[in-house]
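Notes for the one structure printed next.
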Amino acid sequence: METNMATVMALNAEIRRIKVRLMEDVPKLEKLAKKKVKGLTKEDLASRCDMVLALPERIQAIPDGSNRSFNASGSSNKIKFDTDRIVGVEYFQESNEANQFRSEYEMRKIRQDEGFDVISQGLDSLKNLARDMNEIFIL
């Protein structure tokens, strides 16, 4: 489940980056749409300009996982709470899954600390070895 969410978030971020790049190219397209091309009718030129003008709105309409549904007035949506739902003691009790996660976390933390201790001991021995070598060179 977490990997799916991470994948979705990564894809949404990529979509947002592409949308930004597309929006950066819109002014260039506006200039190109206004240029006259040999064999192009006035209706075609007008339709090209209309398509380019509609392009930013169409790019922004592409869903990218961000919440950009703002009101035109700029007022924020009101938050509603369910007051009829009473939260009891059982709501805050730990589940079996949470207990498993906590124990797995503790075990991994212990193993990581042991690894850090081994690395620290290795660094200490390297430091002592370097100090001994330095003393040999000084003599």
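Be aware that the sequence shown starts at 455, since it is given in this note's numbering, and climbs by one per residue.
Note that CB positions come from ideal geometry on N, CA and C, so glycine has one too.
G493 and A460 have their C-alpha atoms roughly 50 angstroms apart.
Excluding the 5 residues flanking it on each side, P510 has same chain C-beta neighbours closer than 6 angstroms at V480, in chain order. Rounded to whole angstroms, the gap between the alpha carbons of S557 and N588 is 46 angstroms. With respect to the 8 angstroms criterion, L476 and V506 are not classified as neighbours on the basis of their beta carbons.
Sequence-distant partners of I533 (beyond 5 residues in either direction) whose C-beta falls short of 8 angstroms from its own C-beta are missing from its chain.
Closest in C-alpha terms to K473, from the list A500, A487, I516 and D498, comes I516. Check the Cα spacing between S501 and each of E548, E468 and K488: the tightest is with K488.
Annotation: the continuous alpha helix (DSSP H) that includes V480 extends over E456 to K488. Contact annotation: S520 and R470 have beta-carbon atoms nearer than 8 angstroms. DSSP, reduced to helix, strand and coil, places E544 within a helical segment of the structure shown. Here the C-alpha atom of R585 lies approximately 12 angstroms from the C-alpha atom of L577. D518 and N553 do not touch by the CB rule: their CB atoms are close to 37 angstroms apart, not below 8 angstroms. Here DSSP, grouped into helix, strand and coil, assigns P510 to helix. Straight across, the Cα-Cα distance linking G569 with M561 is about 12 angstroms.
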